[in-house]
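K.L.:
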Amino acid sequence: MPAPRSVHDPAPEYQEDAPERGSTVHSHDLQDSQVGLNVILSSHAASSNSIPVFFNENLIAGTLELTLRKKRRISSITIKLHGYQKLDMMQWLDQEEKAHDSIFLEIKHEVWKPSDGESHLSLGTHSWPFEFKLPRETNKIGKNNRPYELPPSFSSQLFADHLVYEIVATVRRDGFFNEDEHLIVPVRYVPRTVAAAPSRSLAMSYANGTPLVGPDVDVDGWNSQKFEIRGSFNKGGAESVVYGELSVPRPAEFARGYPIPFIISLRGNEKSAIAKFSEASALGVYLKRQYVRAKRADNKEDKSKPVTKGSYWVVGEGGDSCTLQGEFPPMLQLGPSFTFRSLSLLYTVTIEPEAFNFETKTKGPLTAVPVTITYSPPPGVRARSFAPLAGVSANGGASRTNAPPMAMPSLISVA
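So, in structure tokens, the structure goes:
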């Protein structure tokens, strides 16, 4: 088998080697403000024009500014960081939680209040520094009044649910005809989850470029699920039966931006059927993203879509069996897996027959193997591609390799 090709570290969406504070400066001002309200802060976003980005337990630091050109009666100036779950109206009516439970994080600071009855600030620019330390957990919420692990920012076209973080600066003004002013700065929280270390055999293959040790040898290193293909290659023809097994390396945790390997074993009494299913595109192996929202214990909303299709190639065949090895291409755009209360973002590897002229009564995937997508790989481990070069098989001859496909960009956007 040719030496596996290394995969370079993916280009970062954010500042990867990020200290506690980011270095990208953002400035947000409130248009038509009567008090010249402005918030300046630093984040790990790649550009000052992007939404500010923060990682685990970051310090969110900045300055709140007011520029007064005439006297204004002000009763208080506050700034807060809050996170909330945004739902559409029908979901509010259908869920058991109260509306106030949608707010899962709130940290508030008062930066100015009048002293000795004086509610006027002098003309000119005034500034107050502020800091928020991102916690590991939410406030105590829900029926059980307990904290949860702080969830990532999240939005999806498939769901009305959104997990939103904002910094809100508020200037409260005295007087019946004086409206309070609020400057809302959307921010993005990205937990840098880390994948668990792979099995010893897989780690050695990554490090040394040696072939994968499959589930036939390293049983504990793979999560294997059996499946069965039944159908006919010609309309009204005799039924063909092929028995298979889809295997994904344990612990089935993979960092975004790196390839994900898999192995398929096929066996049966019909050599011709096994040969046809080992051909390129005869099997559809998909990485699917799955959104799950538990409305109640016995009622779940489940939506899934494929985000990419895997490629595979023959690594062993003989008589009544065939072994295929494959992988999914690196995808930096994948949102890491998470579960927050009733909302989950999950991933599965599925397989289904797609051979030309093959008819089957089975609808949908033949089996599915759950996997977890993380933000970062385990320390000291970098996954590599094992795909053979185009036109060369694992055995050095002509290849039946399904060429590595492009990702499906219309299906991979997760904010």
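Residues 1 to 415 in full-length UniProt numbering are what the sequence shown spells out, letter by letter. Beta carbons: idealized from backbone N, C-alpha and C, even for Gly.
(1) Does the segment 285-295 come within contact of the segment 344-354, defined as at least 3 CB pairs closer than 8 Å?
(2) State buried or exposed for K98, treating a residue as buried only when at least 16 other CB atoms are found within 10 Å of its CB.
(3) Go ahead and label A207 buried or exposed: buried means 16 or more other beta carbons lie within 10 angstroms of its beta carbon, across all protein chains shown.
(4) Which term fits L134, buried or exposed, when burial requires 16 or more other beta carbons within 10 angstroms of its beta carbon?
(5) Please state the DSSP three-state secondary structure of F254.
(6) I need the straight-line Cα distance from S232 to A280, nearest angstrom please.
(7) In terms of alpha-carbon separation, which member of Q31, G62, L212 lies closest to S43?
(8) Suppose the cutoff is 6 Å on Cβ atoms and the five residues either side in sequence are ignored; what does the same chain contact list for P336 look like?
(9) Quick one: is F356 buried, meaning 16 or more other Cβ sit within 10 Å of its Cβ, or exposed?
(10) What does residue 504 pair with, by DSSP beta-bridge criteria?
(11) From P249 to F358, what distance separates their C-alpha atoms?
(12) Give the range of the beta strand (DSSP E) segment to which S321 is assigned.
(13) Report the partner residues of S247 according to the DSSP bridge assignment.
(14) Got a sec, what are the start and stop residues for the beta strand (DSSP E) F344 sits in?
(15) Can you tell me the Cα-Cα spacing of N58 and V35, whole angstroms?
(16) What does the Cβ neighbour count give for K70, buried or exposed, with the cut at 16 atoms within 10 Å?
(17) Report yes if the C-beta distance between V371 and A169 is below 7 Å; otherwise report no.
(18) Any contact of the segment 243-259 with the segment 219-228, i.e. 3+ C-beta pairs under 8 Å?
(19) When DSSP labels each residue in this structure, what does F340 get in the three-state scheme?
(20) Under the DSSP definition of a beta bridge, which residues are partnered with F104?
(21) Assess contact between the segment 105-114 and the segment 66-82, defined as three or more Cβ pairs (one per stretch) separated by less than 8 Å. Is contact present?
(22) Can you name the residues that DSSP bridges to Y312?
(23) Can you give me the C-alpha to C-alpha distance between T360 and A282, rounded to a whole angstrom?
(24) What number of angstroms, rounded off, separates the C-alpha of A160 from the C-alpha of F386?
(25) List the residues that DSSP assigns as beta-bridge partners of I77.
(26) Measure the Cβ-Cβ separation of S240 and A273 and say whether it is below 7 Å.
(27) With A275 as the anchor, note down where its alpha helix (DSSP H) starts and where it stops.
(28) P52 and V187 - do their beta-carbons sit closer together than 7 Å?
(29) Mind checking whether G83 and F104 have CB atoms under 7 Å apart?
(30) May I have the straight-line CA-CA distance separating R382 from E317, to the nearest angstrom?
P.N.:
So, from the listed chains and residues:
(1) yes
(2) Its pLDDT being 47, under 50, K98 is placed unreliably by the model, and the measurement read from it follows with that caveat. That one is exposed.
(3) exposed
(4) buried
(5) strand
(6) 18 Å
(7) G62
(8) T193, I373, T374, Y375
(9) exposed
(10) No statement about residue 504 is possible, as the shown extent of the chain runs from 1 to 415 and does not include it.
(11) 30 Å
(12) 321-328
(13) S224, I263
(14) In the sequence under discussion, the amino acid at residue 344 is Ser, which differs from the Phe named in the question. Residues 343-353.
(15) 30 Å
(16) exposed
(17) no
(18) yes
(19) strand
(20) Its beta-bridge partners do not exist; DSSP assigns none.
(21) yes
(22) G326
(23) 13 Å
(24) 39 Å
(25) W112, V171
(26) yes
(27) 271-277
(28) yes
(29) yes
(30) 30 Å
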